[in-house]
Every structure is written in structure tokens, then in C-alpha cells.
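Residue numbers (the numbering used here), protein chains in the order written: chain A, 1 to 260; chain B, 261 to 625.
As C-alpha cells, this is what we get:
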């Protein structure tokens, strides 16, 4: 192993040679000399600072599980229509593999296209939650096509009921399978608005469970009724199977009236 | 629409000419109150002309606007407060304002069946608020679309949330990402949020009037949701808007009497970008004050004009008041150094100026 001084001298020489080679336009020589320079610099690092640590092995990505599979797992755990942000958080906290947020943006559109091209070709589709009043896709909420229609409906009380149901499901999962810090974080996000679910410092799945059950009692019946009515209406009114999964869109009747 | 209103609208349309239009929002409407005496601004706003383009055309492009960081931060804070069907907001309303547990109804009005056009959303808002009033159902209305007439033109407005409170009283909720530290917030930011909320309250009252309901059902208090201390956790406070409502209401009614200002414009002139634009703008008197810089896109143009004319406006309102009606810097300087004999109405101001000059010379010596 050459000493640091010898290496420094060599580095200075190499620098000058690189400059000369680059100046004279000899690209090949310049590149070769630069490589030598880098090697000398690395040697100098080792001589002065000691051997570099072995870089951590790159985390092996899970075998390419399709995005829809990931989303399906998270939604099945929650059992209620959910926004991409919550799906991502649940996936990160409770499942392995990587789910990239950007992949979620076009998911629903892709699923709809796939369904329209070949209906029922897949065992399940990730589809839209539907609003109870217009039977239109609820903005930013994903659902699973195998759920009963009523479960995919979103009425005025449903956001609250879904939040409480989701919190209960996660709390149950955590009592059965143990708490991870990431899981606690998601549960905290959901539980923070439930009265009595947190004491502001720590989060306990059992406490969240009890508090959410308590509040759910208040809203459950009205919401179930509204959803069931809407589901029945959807079956009656929507002949198109794609519309039953992805909702109906309101067409623009007269664009000029918006111009004021 | 009456005949007078119709001709006013036509005249404003003519005045706008081919100039690009801008839509009003609560921010611009609230800014109308910042300088009520400026005829130039009143006319441009009434004609819904895009002032940024006019300023660029005049050679004074606005140098700053809203910071993209501030906008992003505001949006993510709003998304956080409103996630999971406004769960955080519900918690705040329960804790701070006594909303009861059963009141959780949530309506998303950002799109109507994937249709995000203003008029569809407005109709839907009207329908849902009408239902809420008759049935008492429905607590939170996310991004409702409201409408306000600005000098005959319709402006669509979008409050963050409107909450239906206990007793059937509507409250406007404004979500802002600035912090309330130890119960204190930056007064300027609270004031601007209050002005915006007041615009929404006025628009809401207009909507209730259209529904044939008493406008007093919209509370004159708005709910301001801000970040607490140095965290990103939201907190809520009630803000009394009665003063802002009076000011903006008066300002809007003044805008509809804009026809007197229209007489200032030379016949046939328009705000169409091009050769004649600077003459047209110059013909309409402005009332520049240094605080225009924070609210008006034309401020740089007006400041330069005021400086060229030697107007005392550039020195700020306080100095203008002290000079008691003398509006030209040359006059002021001439009075101060005694080259101009003051008339009887300026005698005392001249006296004051001369004393100030004498003192200054003494200090400088």
C-alpha cells in the first residue's frame, strides 16, 4: 500500500496529465487518465480514512405484485371505500412490497377500461364508490367490485361511518397481529377525531375500538338504511353493468351557461 | 335585469373591449375594500379586466404574487383538515363549538357526478342547502359554489367549507395554514381571512335570499381553522365579521353605481391591449398609496405615474393628511423654502413646513 504522500503526488501528476490530455483534444487518453485519477483518489481515501464500509445490500423489491393486488389487500383490510392516501398508509403499515403513489392515479380509469373491454374477465375490479344521491362516482374513493353494492355507496353519513369502521378493522387487526409503529400511526390518524379514542399521548387499539364502536352506534342505522335504498335504486335504474361498478357521469348540458 | 343595469353591463363590456378577462374570487373582491377611492381600480374590476395583463402592457409587470410554497402548504393543510370526511374539522367543531355527536353529515360539492362546471355546482349547492334548511339534515358542505354579482357580472366563489350548525345556522369555515401561537395570530393575516370570509357570508346570504329564506340564517361569525402553535395540528376560533360585512357590502353597492365613473373614460376608449391603452388608463384617475403594493397588480404603474407627476401620494396616507390637501411635491417644496407665497388656506401648513425646513437645515449644518 503506497503512503498518503506518494498518492497525493500521484494525484497531482494525474490531474496535470488529465488537463493536458483534455486540452490537446485526446479524449481517450483523458478518459483513461481520469479513471486512474479516481482510483488513486479512492486509494488515498482508504489510506487516510481507513477501509470504506461495505454498502448495505439494496433492498430486494418484492416480486412484481400488480398495483391492483396491493390496493385490493389494503381495501380488504379496511372493508370500506377509501381514498388513495389512506390506502397507501395502510399498505405501508400492514403489508410488504412497494406501492408508488403515482401508480394509483390512473388505476380506476384502467380498471374501467379493462372491464368495458372484457366484462367480468377478472375475479375482481377496483371500482368507484358511488354517491347515494346521483349514483355518480364519489370523488377520490376506491372500492372493490366484489363488495355488495350497499357497501360501495357513499351517503352523507358514510364518510364518518367508513372512518369508524376502518378504525375498528385496523384496531382488530392490530390486537390480533400485534402493533407496529407504522400501524399505530395510521390508527392515530383515524382515531384522533373519535371522542375518547386517544388521550393525546399514546394510542391503544382496544380503546380506539371501544370509542369507535360507541360512536358508530349513533350513525350506523341511518347510514345503512340510506345505503341500502341507494343500492336498490342503482340496481333498478342502471342497466349497464359498468355503470353499476363505476358510476354514471353527469354530462354537460349547456356549456355556454358557465361563461358568466 | 332592469334596463339601466343592462346598459351598464353593455357599457362595461364595451369598455373592456378585447382585453383579457379575469374572474373574481373572494380574494380579489376582498381587495376591493383596500382602496375604495381609486376610480381606476374600480372601473377595471367592474369590467372584470385582467389587471396583470394591463400592467404588463403598460410596462410594469407585477413582480410578485402568491408564493408557490405558501399555496402548496395551504393546500396540504386544507387536505389534512378535510381528510376522511372532515374528521379533524368535526373534532374541532365538537371540542370548541359544541357540535353534537350525531351531526356528521358530509356533502362533497367539488364535483357533481364528475362534472365540475361552476353553474352545475352552483345549482347543486342551492339544492342541497335548500334541502338542509327544510329537513335540518346535513352538517358540512365541502367546497360549495356560491355566486355574487359584481357590477352586473357574476362571480363564482368557493368557500373552503360551509358548516350547518346547531339551530339551523350556517357558518362559513375558512381554513388557513398560518399559525395561532399562544392564542395570538398575525393580525394582518386574520384580517385578510376575515375579509374573504365576509365575501362568502355575503354570497351565502344572497343564495338564501334566492331560496326565499331569511339571510340571517348565515351567521355573522365565521370559523377560522388555523395551525396551532408550531405544529401542523389544526385549531379553530370564531371570528366576528360584522365590520367586514358592512364594509364589503357598502363597497359592492358602490360598484354598482359605477356609471358615474364611466363618464371619466374618453368616448370610444377601451382597455384593449395596444397603442391607445396607456392613454385610456391615464385618463382614469387613480389614487395611489403605498399599501396598493400588497393588493393591486397595477401598483407599480400607478406609483411610477405618481412619481412623474410629483404627487405626494407616493409618500403614504399619513404624509398626505399632514399636508392637508396640497397634492404636488413641487408646491410643497416651494412653500417650504419660501419661493412660493402661500394663500390664506395654506398659511399654517406653509408655516409648519418652513419650521421643519429650518430645523432640518440646522441639523444638517
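Glycine residues also receive a C-beta, built at the ideal position from the N, C-alpha and C atoms.
Less than 9 Å between CB atoms is the rule here; does residue 397 of chain B satisfy it with respect to chain A? On the second chain, position 137 is the one that residue 397 of chain B refers to. Interface residue, yes.
Identify the contact partners of residue 136 of chain A in chain B, using a Cβ-Cβ distance below 7 Å as the criterion. Counting from one through the first chain, the residue named residue 136 of chain A turns up at place 136. Those are 373 and 374, listed as they occur along chain B.
Span of the beta strand (DSSP E), counted from its first residue to its last, around residue 494 of chain B: Here the question's residue 494 of chain B lines up with position 234 in the second chain. Counting along the chain, the beta strand (DSSP E) containing residue 494 of chain B begins and ends at 494 to 500.
Nearest neighbour of residue 237 of chain A, chosen from A:85, A:136 and A:170 [CA to CA]: Position 237 of the first chain holds residue 237 of chain A. Considering only alpha carbons, the answer is A:136.
Please classify residue 613 of chain B: is it buried, with 16 or more other beta-carbons within 10 angstroms of its beta-carbon, or exposed? Start at 1 with the first residue of the second chain, and residue 613 of chain B comes out as number 353. Buried.
Coarse secondary structure for residue 280 of chain B, derived from DSSP in three states: The count along the second chain starts at 1 and reaches residue 280 of chain B at position 20. DSSP places residue 280 of chain B in coil when its eight states are reduced to three.
Which of the three DSSP states is assigned to residue 617 of chain B in this structure? Within the second chain, residue 617 of chain B is the residue found at index 357, counting from 1. DSSP places residue 617 of chain B in helix when its eight states are reduced to three.
Helix, strand or coil for residue 253 of chain A per DSSP? The sequence position of residue 253 of chain A within the first chain is 253, counting from 1. Confidence in residue 253 of chain A is poor, its pLDDT being 49 and thus under 50, which makes the residue's placement unreliable; the coordinate value appears in the next sentence. Residue state, collapsed to three classes: coil.
Apart from the five residues just before and just after residue 537 of chain B, which ones in its own chain have a Cβ nearer than 8 Å to its Cβ? For this step, residue 537 of chain B is matched to residue 277 along the second chain. Hits under 8 Å: 314, 317, 318 and 531.
For my contact list, residue 271 of chain B and residue 522 of chain B are in at a C-beta cut-off of 8 Å; report their separation, rounded to the angstrom. Looking up residue 271 of chain B in the second chain gives position 11. Looking up residue 522 of chain B in the second chain gives position 262. Sure, about 6 Å apart at Cβ, within 8 Å.
What residues from the segment 148 to 168 of chain A come within 9 Å of chain B, judged by C-beta to C-beta, listed N to C? 154, 155, 156, 157, 158, 159, 160, 161, 162, 163 and 166
Between the C-alpha atoms of residue 566 of chain B and residue 157 of chain A, what's the straight-line distance to the nearest angstrom? Numbered from its first residue, the second chain carries residue 566 of chain B at position 306. Numbered from its first residue, the first chain carries residue 157 of chain A at position 157. Straight-line Cα distance between these residues: approximately 58 Å.
Quick one: what does DSSP say residue 218 of chain A is sitting in, helix, strand or coil? Here residue 218 of chain A is taken as the residue at index 218 of the first chain, counted from 1. Judged by DSSP in its simplified three-state form, residue 218 of chain A adopts helix.
Please confirm if the segment 376 to 384 of chain B is in contact with the segment 194 to 209 of chain A, defined as three or more CB-CB distances below 8 Å between the two stretches. No: the two stretches stay apart, fewer than three of their Cβ pairs being nearer than 8 Å.
Can you tell me which residues form a DSSP beta bridge with residue 219 of chain B? Lying outside 261 to 625, the shown extent of chain B, residue 219 of chain B is not represented and no answer is given.
Starting from the C-beta of residue 72 of chain A, find all residues in its chain whose C-beta is less than 8 Å away, skip the five residues before and the five after it, and write them out in chain order. What you label residue 72 of chain A is simply residue 72 of the first chain in a count that begins at 1. Contacts found: 124, 126 and 144.
Helix or strand or just coil, what does DSSP make of residue 88 of chain A? Reading the first chain from its first residue, position 88 is the one you call residue 88 of chain A. In the three-state reduction of the DSSP assignment, residue 88 of chain A falls in the helix class, which pools H, G and I.
Taking Cβ-Cβ distances shorter than 9 Å, what residues in chain B pair up with residue 85 of chain A? For this step, residue 85 of chain A is matched to residue 85 along the first chain. Those are 339 and 343, listed as they occur along chain B.
On a CA-only basis, which of B:323, B:422, B:397 and B:303 is nearest residue 560 of chain B? Give me that one, please. As a working mapping, residue 560 of chain B is identified with position 300 in the second chain. Minimum Cα distance to residue 560 of chain B is reached at B:323.
So residue 137 of chain A is in the alpha helix (DSSP H); what residue range does that whole segment cover? In the first chain, residue 137 of chain A corresponds to position 137, counting from 1. Premise fails: residue 137 of chain A lies in the beta strand (DSSP E), 137 to 144, not in any alpha helix (DSSP H).
Compare the C-beta of residue 346 of chain B with all C-beta atoms of chain A and state if any pair is closer than 9 Å. Within the second chain, numbered from 1, the residue matching residue 346 of chain B stands at position 86. By this cut-off, residue 346 of chain B is an interface position.
Report the three-state DSSP secondary structure of residue 482 of chain B (helix, strand or coil). What you label residue 482 of chain B is simply residue 222 of the second chain in a count that begins at 1. Here residue 482 of chain B sits in strand by DSSP.
Tell me which same chain residues have a C-beta within less than 7 Å of the C-beta of residue 240 of chain A, skipping the five on either side of it? In the first chain, residue 240 of chain A corresponds to position 240, counting from 1. Around residue 240 of chain A: no qualifying Cβ.
Assigned exposure category for residue 200 of chain A - 16 Cβ within 10 Å defines buried: Position 200 of the first chain, counting from 1, holds the residue named residue 200 of chain A. Exposed is the call here.
Going along the chain, which residues of its own chain have a beta-carbon closer than 8 Å to the beta-carbon of residue 450 of chain B, five neighbours each way excluded? In the second chain, residue 450 of chain B corresponds to position 190, counting from 1. Within its own chain, the residues whose Cβ lies closer than 8 Å to the Cβ of residue 450 of chain B, once the five positions on either side in sequence are excluded, are 484 and 499, listed in chain order.
I want to verify the contact list: residues of chain A whose CB lies under 7 Å from the CB of residue 367 of chain B, in sequence order. The residue labelled residue 367 of chain B in the question sits at position 107 within the second chain. 156, listed in chain order.
Neighbour-count burial assignment, residue 70 of chain A, 16 or more Cβ in a 10 Å radius: As a working note, residue 70 of chain A is residue 70 in the first chain. Per the 10 Å Cβ criterion, buried.
Give the straight-line distance between the Cα atoms of residue 455 of chain B and residue 84 of chain A, rounded to the nearest whole angstrom. Within the second chain, the letter at position 195 stands for residue 455 of chain B. Within the first chain, the letter at position 84 stands for residue 84 of chain A. C-alpha separation (whole angstroms): 35 Å.
Just mark residue 404 of chain B as buried or exposed, buried being the case when its beta carbon has 16 or more other beta carbons within 10 Å. Numbered from 1 along the second chain, position 144 holds the residue referred to as residue 404 of chain B. Buried, because 16 or more other Cβ atoms sit within 10 Å of the Cβ of residue 404 of chain B.
Against residue 526 of chain B, what residues of chain A qualify as contacts under a CB-to-CB distance less than 9 Å, listed in chain order? Taking the second chain and counting its residues from 1, the one referred to as residue 526 of chain B is at position 266. What residue 526 of chain B touches in chain A: nothing, since even the nearest Cβ is about 28 Å away.
Note down the Cα distance separating residue 288 of chain B from residue 417 of chain B, rounded to an integer number of angstroms. Position 28 of the second chain, counted from the start, is the residue given in the question as residue 288 of chain B. Position 157 of the second chain, counted from the start, is the residue given in the question as residue 417 of chain B. Rounded to whole angstroms, the gap between the alpha carbons of residue 288 of chain B and residue 417 of chain B is 11 Å.
Please report whether the beta-carbon of residue 145 of chain A lies at a distance below 9 Å from any beta-carbon of chain B. Numbered from its first residue, the first chain carries residue 145 of chain A at position 145. So no, residue 145 of chain A is outside the interface.
Tell me the DSSP secondary structure of residue 189 of chain A in three-state form. Numbered from its first residue, the first chain carries residue 189 of chain A at position 189. Residue state, collapsed to three classes: helix.
Give me whichever residues DSSP pairs with residue 377 of chain B in a beta bridge. Taking the second chain and counting its residues from 1, one reaches residue 377 of chain B at position 117. In the DSSP assignment, no residue is bridged to residue 377 of chain B.
Which residues in chain B have a C-beta closer than 8 Å to the C-beta of residue 79 of chain A? List them in chain order. For the purposes of this step, residue 79 of chain A is identified with residue 79 of the first chain, where counting begins at 1. In chain order: nothing, as chain B lies at least about 15 Å away.
For residue 605 of chain B, which three-state DSSP category applies? To locate residue 605 of chain B, count along the second chain from 1; it is residue 345. Looking at residue 605 of chain B - three-state DSSP - the assignment turns out to be helix.
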